[in-house]
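Residue numbers (my numbering), protein chains in the order written: chain E, 34 to 279; chain Y, 110 to 459; chain R, 6 to 294.
Everything below concerns the one structure shown next.
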Amino acid sequence: MRLEVRDVHTYYGASHVLQGVSLVVEPGEVVALLGRNGAGKTTLMRSVVGLVRPRAGSILLDGQELVGGPTYLPARRGLAFLPSGRRVFSSLSVAENLEVARRSCPRRTGAWTAERIYGLFPKLAQLSRRTAGFLSGGEQQMLKIGRALITNPEMLLLDEPTEGLAPAVVDELGEWISLLARESLSILLAEQSATFAREHASRGYLLEKGRIRFEGTMEQVWDSDELRSALGIAARRPSAEPGAPG
Amino acid sequence: MTTLPAADLLAAGRDAGGSPWAGRLRRAALPLAFFVAVLVLGLTMAPANVLELQYAVSLALFAVATNLMLGFGGLVSFGQGVFYGVGAYTVSLGWMHQSLSFSEAMILAPFLGAALAVPLGMIALRTRRLYFALLTLALSQLAYVIAENQTNFTGGTNGVFGAMVPSWLLVPRNSFLLTLAIVTVSLAILWKVLHSPFGLVLRGIRDNRERVEALGVNVYAHELAAFVISGFFCAVAGTLFVVYSQSSYPEIVDWTASGIPVFMAVIGGMYTFFGPVVGAFVYEFANHYLIEYTQDWQLVIGVVLLAIVLLRPDGLAGSLSAIGERWRRRRDRVPAGPPPAPLPPEGGAS
Amino acid sequence: MARFLTEAIGTLSDAGSLFVVAAGLTLVFGAMRVINLAHGSFYMYGAFLVTTIAGTSSGLRFWVALGLAAVVVALLGAVVQLGVVRFVVGKEPLTQLVATFAVLYILADIGLHLWGSGARSVNAPLAVSGTFTLAGAYLPVYDLVIIGLAILVGVVLWLLLSHTSLGWMIRAAVDDPELLQAGGVNLRRLHLGVFAAGALLAALAGAVVTPQISVAPGMDQSIIVSSLLVVVIGGLGSIVGTAFAALIIGIADTVGTLVDPTWASTFMYFAVIIVLVVRPWGLFGTPER
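Structure, rendered in structure tokens:
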């Protein structure tokens, strides 16, 4: 699945949040969207799935226009959005969460079933009757991924998946992302943490104040001065270089 | 120190006029013209119509007093009819039980309204937003049920009718002038209150409750004070109902009666001081003439309310100022600025 | 004992019909966060439609009228949702209250044109009219019909919300409507269904009480007040809370009448005030986020 965002402008009230953003995610590609808090990463994702309406520009999913269409459409076409934070249906059980997600896109069938998701996350199987609001942050993260996978998506939009997670869980999350990438899902990964993105993405975009400041392969982005200035990282010490996470 | 949004607005309004006197005069010009127009109309109209004008004037106070909480405090009360009723029934019952003279009752009633507002406000302000609206609605209905069932004390369903006002007030012009005087003084006081530091804090609470709380302001005390002041002036408006109708009956306190000043504020525009005044005049005259000419007054009022709330949430005053703004812009040939009324980003669920 | 039974059955019957109306109101609030002041209009329309359809017959036609009235009002509910309510979802409480109050006015006016301003009455089918005796008390059979309907509605709603995926979806809409939408659910259609179902419940209650009351204009405004009291006591959005609260209101009313008829109708208001002072979000509600 291919996503193309062309010159999108999005406003919240009078404030001009996205000021002409363009980017492409090719089929099977993992692309990072980097930027500070407030740069517009979340707004871009919300624009793609139609939770906010861009005032201008075009968003194409496999060539079909999403702007102006209903909010439920992208998911039914195979684009799964995983918002940041603890966004699960908190009064439903784990199993009910998965079933609601599956029923939300009834026509999207495929390899991912509740059984296979429980296979991937045995912890969820144990907790299947637990109310989702009482899960830990890591467990909710599993449930969020499970809710997305059960719709058999072709593309994932991950908004700040590492936010607030313990380092061990972040490593686990990285493994799941690699696994999904091997299944040739396209992934757009919004991150503040450049190190996490560097491990998993092949290309990256740097978003600053609603505009794309830099784009290129992940190595180019990593080496760019723009990245350091945008994320406020001090000049990189050579010793920290060999891919040390955190 | 952070300034509140409302404070910025007010400061901007103050600076715009050049010298403080010019600004004050400019701001007072429209209300003054309105006052003179009402006065002249009242002194020249046929007596039957004067009564209607007088009623609209008294409702204007009811609407502004309700809007003190609604538009300025962000508290949606469907229970201000309680205090309106306290005002009206104090005069009527004082007469019926021969315990109060007319002038004693007129003076006592607002203080009774304020006194009752203390416990009711303490109860109602335990809740927020929708629960507050529904709880005040329940209080209004409770007052209605009491007025209706305590027949020995309140006259029951029929209410109290009779010669409860002094004979000089039976002359339409006199009762009109008394009403206009009381309403004008009351509105002047309410204007002062809303443009004092207290009013600014109140608006700050409406705009951003958490921020005001973080500044160390006792939000609850300010809201309770607003409730009490509103109760005071709603009771004043209630006494004027007796001056108008020489009666009190349960229907003036039920929840739909409590809804009327809210609707007036919505129609006229709840974010301005004089919006509810406009709303009261429009509502009352529409109501009066609709009942005369059509059976379908509920239909017409319903459609108007719907149209305003869906298309122009800032009411007639908002529409007027938008038209004025457009006209001024055309005159000054200033290009259009950013679009108005930013909506909160997390609002829409549909 | 006989006195107690008579009062108990009467109370349960009143609480039952109140529960059915209020359940519709709270269901709509739960899924859509909208308080519909025109909910009472659906109740009134249900009642008037039964008087029109059933006429003076007291047989099978009454039951047909009951079902037909509920369905017609559900369609009316769909129209109100599409024409008005969907524009105020997610807006301020004031906007919602004023808009739905406007609908109440409009429907009241149309109702006057359709059915006039006089009172109407309907006879219960012979099979369920009259009384039966239990422990020396003469009890109206029809009260049992109302109690039965209330239990049926309660059970169906409970099964729907806790055991079907449609019910989970409605609860998911309460938790996080945005997430649900982004997940592929047509939220507008879900709202449409829920609102029509709410209207149907109101109409069903209005229809089923017709043999016991005089059907007249104004019943829309009085029932909305009692059902608001019920949903506020129970906690907005909670079906279980609504059932409890309907009983509380019913009992408060009965006890009030026994203690002092002139104060009877104030008892339920005091019940509301006491509950909200102790728990400002109702018995089974959750504090507003």
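Ideal placement from N, C-alpha and C gives every residue a C-beta, glycine not left out.
None of these values were measured; they are calculated from a predicted model.
Check                                                                                                                                                                             : Outcome
Is Leu-171/R closer than 9 angstroms to Ala-28/R when the C-beta atoms are compared?                                                                                              : no
Of the residues Val-362/Y, Ser-295/Y, Gln-407/Y, which one's Cα is nearest the Cα of Ala-169/Y?                                                                                   : Ser-295/Y
List the residues of chain R whose Cβ lies closer than 9 angstroms to the Cβ of Asn-258/Y, in chain order.                                                                        : Pro-266, Thr-267, Trp-268, Ala-269, Ser-270, Thr-271
How big is the Cα-Cα spacing for Val-149/Y and Phe-143/Y?                                                                                                                         : 10 angstroms
Checking contacts by CB at 9 angstroms: is Val-50/E closer than that to chain R?                                                                                                  : no
Output needed for Ile-254/R: all residues of its chain with C-beta closer than 8 angstroms, excluding positions within five of it in sequence on either side, in chain order.     : Ala-20, Leu-23, Ser-231, Leu-234, Val-235, Ile-238, Met-273, Ala-276
Classify Tyr-143/R: buried if its beta carbon has 16 or more other beta carbons within 10 angstroms, exposed otherwise.                                                           : exposed
For Leu-84/E, collect the residues of the same chain with a Cβ closer than 7 angstroms to its Cβ; drop the 5 residues on either side in sequence, then sort them by chain order.  : Thr-104
In terms of DSSP beta bridges, what is Ile-89/E paired with?                                                                                                                      : Per the sequence shown, the amino acid found at residue 89/E is Ala instead of Ile. Partner(s): His-42/E.
In the DSSP assignment, the beta strand (DSSP E) including Met-231/Y goes from what residue to what residue?                                                                      : Here Met-231/Y belongs to no beta strand (DSSP E); instead the alpha helix (DSSP H) covers 211-233.
Should the stretch 248-268 of chain Y be regarded as contacting the stretch 186-201 of chain Y, the criterion being three or more beta carbon pairs within less than 8 angstroms? : yes
For Pro-281/Y and Val-200/Y, which I take to be in contact (beta-carbon distance under 8 angstroms), what is that distance rounded to the nearest angstrom?                       : At roughly 18 angstroms, the Cβ-Cβ gap does not stay under 8 angstroms, so Pro-281/Y and Val-200/Y are not in contact.
How would you label Asp-192/E, buried or exposed, when you count the other beta carbons within 10 angstroms and need 16 or more for buried?                                       : buried
Report buried or exposed for Gly-152/E, applying the criterion of at least 16 other Cβ atoms within 10 angstroms of its Cβ.                                                       : exposed
Output the distance between the C-alpha atoms of Gln-101/R and Pro-285/R, rounded to the nearest integer angstrom.                                                                : 21 angstroms
Would you decide whether Phe-137/Y is buried or exposed? Buried here means 16 or more other CB atoms lie within 10 Å of its CB.                                                   : At residue 137/Y the sequence reads Ala, which differs from the Phe that was named. Result: exposed.
List the residues of chain R whose Cβ lies closer than 9 angstroms to the Cβ of Val-185/Y, in chain order.                                                                        : Glu-97, Pro-98, Leu-99, Leu-102
Return the chain-ordered list of same chain residues with a C-beta closer than 8 angstroms to the C-beta of Gly-249/E, the five sequence neighbours on each side being excluded.  : Arg-236, Gly-237, Ser-257
Less than 9 angstroms between CB atoms is the rule here; does Asp-316/Y satisfy it with respect to chain R?                                                                       : no
To which residues does DSSP link Arg-110/E through a beta bridge?                                                                                                                 : Answer by DSSP bridge pairing: none, since Arg-110/E is not bridged.
Against chain E, with Cβ distances strictly below 9 angstroms, would Asp-181/R count as a contact?                                                                                : yes
Counting only beta-carbon atoms, is Leu-213/E nearer than 9 angstroms to chain R?                                                                                                 : no
Do you know whose CA, among Arg-110/E, Gly-102/E, Val-82/E, Leu-131/E, lies nearest Asp-95/E's CA?                                                                                : Arg-110/E
I want to see whether chain Y comes within less than 9 angstroms of Pro-130/R, judged by CB atoms only; does it?                                                                  : no
What does a CB cutoff of less than 6 angstroms around Ala-272/Y pick up in its chain, not counting 5 residues either side in sequence?                                            : none
Is it the case that the Cβ atoms of Val-190/R and Ala-201/R are separated by a distance below 9 angstroms?                                                                        : no
In chain Y, which residues lie less than 8 angstroms from Tyr-274/R when you measure between Cβ atoms?                                                                            : Ala-247, Leu-248, Gln-250, Leu-251, Val-254
At 9 angstroms on the CB atoms, spell out the chain R contacts of Val-412/Y, in chain order.                                                                                      : Ala-107, Tyr-110, Ile-111
Note down, in chain order, every chain E residue with its Cβ under 7 angstroms from the Cβ of Ser-232/R.                                                                          : The contacting residues do not exist; Ser-232/R stays about 24 angstroms from chain E at best.
For Ala-27/R, does the three-state DSSP call read helix, strand or coil?                                                                                                          : helix
Going by alpha carbons, who is nearest to Ile-229/R out of Gly-15/R, Thr-31/R, Phe-34/R, Leu-42/R?                                                                                : Leu-42/R
In whole angstroms, what is the alpha-carbon distance linking Arg-162/E and Ala-128/E?                                                                                            : 6 angstroms
Classify His-196/R as buried or exposed, calling it buried when 16 or more other Cβ atoms lie within 10 Å of its own Cβ.                                                          : buried
If we cut at 9 angstroms on Cβ distances, does Gly-287/R have a partner in chain Y?                                                                                               : yes
Between Phe-122/E and Ala-158/E, how many whole angstroms is the CB-CB distance? I'm expecting something under 8 angstroms.                                                       : About 18 angstroms; that fails the 8 angstroms criterion.
Tell me whether the beta-carbon of Phe-307/Y lies closer than 9 angstroms to the beta-carbon of Ala-226/Y.                                                                        : no
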